[in-house]
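Here it is as structure tokens:
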């Protein structure tokens, strides 16, 4: 029995790519520390208050996505304790985040319920006539003492806030220690952002023990749980898409600008053509084709999670194919400017090869544009996913994403009284994520813009 | 003397720095006051401060500015707008960016006129005619891109005149223009000023322009005025140690073969706290008191300076070493570089299929000889093809005709790779010629690595840095840590790294201040002496040519119109263009001298005039000139001229 773990780790393709991306980012930061000009630029980012506050918020989102990317399959409880038999694992793939949020995931209601409610949202025919039935999980600890509901909510929230404050104090102490070693970093902004996060997360965590903090959706799933699960999808689409399109954009952009001639013509025709095909149609066609491929080869995937994951990656690839043209065009223009620089001509006078000139003289001098484009594109892609899923050509229906949340909630806006919480929750989470990414992108752009550097 | 503009203790701050620190001067009606100084000394900031058009980061921290008795600093912004234009007009350095490219010239002038009660098209026509634009009625409906640089600057002047300002502020009005055009514009400004009784604040770094234009001169250094004097006094006997060194750093024929006086170091950072004299660090005459106390103003005979020395009390600067007797002409030596009929034609492509419909004859058959260890100056105005010719020698642009031979071996697409170590190039812009992402060591090593030169590159880099006067430990730094002059030294070290025999120097000093230019010219002279390098020196600066060239070739519209030894070409020019070029150089003695103005602009090399290219602008032009291009004729042994009417 010793070789039989209580779970079996599962590495989905998107997990592997996400971890690789994080590793590359960490490695890149470590490398940038030793490059003088990059170090200076990142120090400018670190000294910016808005930059660091948004970075702290982004880090919280990335942490959630990271926890949601550690997948495993739990071992099924042995029906018969046969020693020789191999352990059976569940077909359902869970993540560490699911483990942490197990009560939220498991405690489903029958259908809609409002945030922090104790009863369902719609009346049903009960034994004593039509009434709002009690929830199976929300507020059950109150038993019949419903008068205590409000005071219980407020009390729990306050207890949670106190816990959040306590957690924040830990950060405060850590920051005080770090501040001495890195005085230039805007620690106060980081702490302010963390204080906000702690004061939101503390009460939410405390209330989630007994209530559905953001209500439940049509099939009774907890909306807070769905929102947290959507974060991974959004972040993956925002980052992996860029990763897929980056090599093509950089390579083709620099080639077109530096080599010129028929190469330039060819690349220009290519991206002009791609750009003139309506993006949504192209994506819709590709997604549908891919859906057919996936459906006809069920044997490729061991679990439904793998299937959904394949569809997510394919969506990233398609978005990447349609979105590299903008960066490519920017890089071509910049390269056209750089190739006339005198240092490039000096290198030509030494007979340096074209490839070496592109690598040594052009690429490092366009990297700031690449970096700015990555960060700016991120928010656009998160929003694009929501729009595509809303139209029905986005991620797999079984994948939780902001787009699918909005899609399922849209019909209920017409209901009277309105079911607003699904949409509001998706909106708020996405808004904060995109806003933080945009603010961070602005700060990065200012720090790396050569004209702004002193 | 009642003054029109009076500036008292004007101080401008940007953050902790003070680009203008307590500047005071007066300008009388109709007078021209020149603010002279190197880049970064605060002269433009002073002008913008007067107009209250400072950049967002800067603000006026103190002082008073009054124009005709009105305190400009106390005016509300709305009132100040009425002063701009009517009281103070301004023209800027770069005519190409000072005009809106999507509006016709007429509308832009009309805009300036509308603010002063209109006057409409007739008035705009009048203004364009006043600034000497031929056919103003047609030009009024043209866009800026249809005009040459000189013409755009005239339009700018017309716009400034629209408000009939009492004082015209001209911020480096001719720096971006060629010498012949500069002479036209300066003449125009002088004439307009005389006609209208307008006062002028002229901001420039060019002593020649000051000598030609100014009534009084103020010398700025590190945000302060250090000397104020009348033009005659200033040019006869500059008093401040800084002014005297500026004069001594100017290259000219009298200093040939000698070393130029340089000012060591560079202009101090303006956010440094100053206790003593700001120039003390770079002054050869600094005393202990100079570092301790800020110097007082001293005055003698209408000349004032801010210095601890008495006026006229400074030690005389070492006179330039008189030119060593010119070495006997070394004609015997085999030519290192021979160029025969070199041509670079760029096709003009039009239409969908990009068929060539014409050709820009950037370089149209030039022939040159250069002996080892000598300097050949290729002189001409912008657009004459001199830089293209230099690049064609290295095949940075592919020549379309002719031959280049280096030490007897023909350079073509196949042999150039082997010859790259023998001929190298130094570029004009020290800020664009070094990759900002590479360390100095990597920049210098690039050529050695690419050409596979064996040996210890690290030691060689240290040696090269020493040769160009930099410290060996600077190899680990990035270009942005260096000043313009230091960057140009690095660019020279990079070219020297592969031990070339010939350096093509493309305007290596035109982006540098006078004092730094002197350092670079001295360095080039030392390197030539030490390493026996030959220089092909491409420039438009006649003074520099006079200082260092052995031979001179004058280029006009892709062809060489006159060549010979420096003595022949510069002392006894035979071609009218050479004569005009020499006459257009502002003279330093302050006397007007005889002026030979060349009218008009250089024609386009895509559509050169028939016959002699110069005939539309030439005072000697005749029917023959319109019919055929002149053949080369020898005016003296080794002195070739291409002109039907050549003569002194």
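Chains as they are written, first to last, in our numbering: chain A, 1 to 454; chain B, 455 to 1102. Even glycine gets a Cβ: it sits at the ideal position worked out from N, Cα and C. Since the model is a prediction, treat every value here as computed from it, not as a measurement.
339/A is the residue among 339/A, 129/A and 376/A whose C-alpha sits nearest the C-alpha of residue 359/A. Shortest Cα-Cα distance from residue 603/B to any of 614/B, 616/B and 553/B involves 553/B. Under the 8 Å Cβ criterion, the stretch 215 to 222 of chain A does not count as touching the stretch 46 to 66 of chain A, having fewer than three qualifying pairs. Collapsing the DSSP output to three states places residue 573/B in coil.
Put simply, the CB of residue 821/B is far from chain A, with every gap to its CB atoms at 7 Å or more.
At least one CB of chain A lies nearer than 7 Å to the CB of residue 932/B.
Under the three-state reduction of DSSP output, residue 809/B falls in the strand class. Sequence-distant Cβ neighbours of residue 1003/B in its own chain, meaning closer than 8 Å and more than five residues away, are 829, 830, 831, 991 and 1020. Three or more beta-carbon pairs separated by less than 8 Å link the stretch 742 to 761 of chain B to the stretch 674 to 691 of chain B, which places the two stretches in contact.
Taking 7 Å as the threshold, the shortest C-beta distance from residue 364/A to chain B falls below it.
Between residue 399/A and residue 91/A, the CB-CB gap reaches or exceeds 7 Å.
In the structure shown, the three-state DSSP call for residue 92/A is coil. Proximity of chain A to residue 1025/B at the Cβ level (cut-off 9 Å) is not reached, the minimal Cβ distance being about 34 Å. Taking 7 Å as the cut-off, the beta carbon of residue 969/B is found closer than this to the beta carbon of residue 703/B. No residue range can be given for residue 932/B, since it is assigned to no beta strand (DSSP E) and is classified by DSSP as neither H nor E. Distances from the CA of residue 293/A to each of 362/A, 224/A, 310/A and 278/A were compared; the closest alpha carbon is that of 310/A.
Not a single C-beta of chain B is nearer than 7 Å to the C-beta of residue 290/A.
In the DSSP secondary-structure assignment, residue 751/B is bridged to 760/B. In this structure, the beta-carbon distance from residue 936/B to residue 1010/B does not fall below 7 Å. Contact check for residue 719/B against residue 747/B fails: the beta carbons are separated by 7 Å or more. Apart from sequence neighbours up to five positions away, the residues of its chain that approach residue 225/A with a beta-carbon distance below 8 Å are 101, 104 and 105, ordered along the chain. Per DSSP, residue 674/B is one residue of the beta strand (DSSP E) stretching across 670 to 675.
Here residue 847/B is buried. Its C-beta has 16 or more other C-beta atoms within 10 Å. Between residue 822/B and residue 956/B, the CB-CB gap reaches or exceeds 7 Å. Annotated as proximal: residue 581/B and residue 615/B, with beta-carbon spacing under 7 Å. Within the same chain, Cβ atoms closer than 7 Å to the Cβ of residue 1083/B are found at 1065 and 1066, the five residues on either side in sequence being excluded.
Using a Cβ distance threshold of 7 Å, residue 381/A and residue 238/A count as a contacting pair. Using a 10 angstroms sphere on the CB of residue 879/B, the tally of other CB atoms reaches 16 or more, which defines it as buried. Chain-ordered, the chain A residues with CB closer than 9 Å to the CB of residue 901/B read 346, 347, 349, 350, 351 and 352. Rounded to whole angstroms, the gap between the alpha carbons of residue 930/B and residue 912/B is 11 Å.
Look at residue 886/B: its C-beta is under 7 Å from a C-beta on chain A.
Residue pairing by DSSP places residue 653/B opposite 621/B in a beta bridge. A Cβ-Cβ contact shorter than 7 Å links residue 376/A with residue 441/A.
Per DSSP, residue 192/A is one residue of the alpha helix (DSSP H) stretching across 187 to 208. Taking residue 492/B as reference, the option from 525/B, 1087/B, 535/B and 696/B with the minimal CA-CA separation is 696/B. Residue 487/B: member of the beta strand (DSSP E) spanning 486 to 490, first to last residue.
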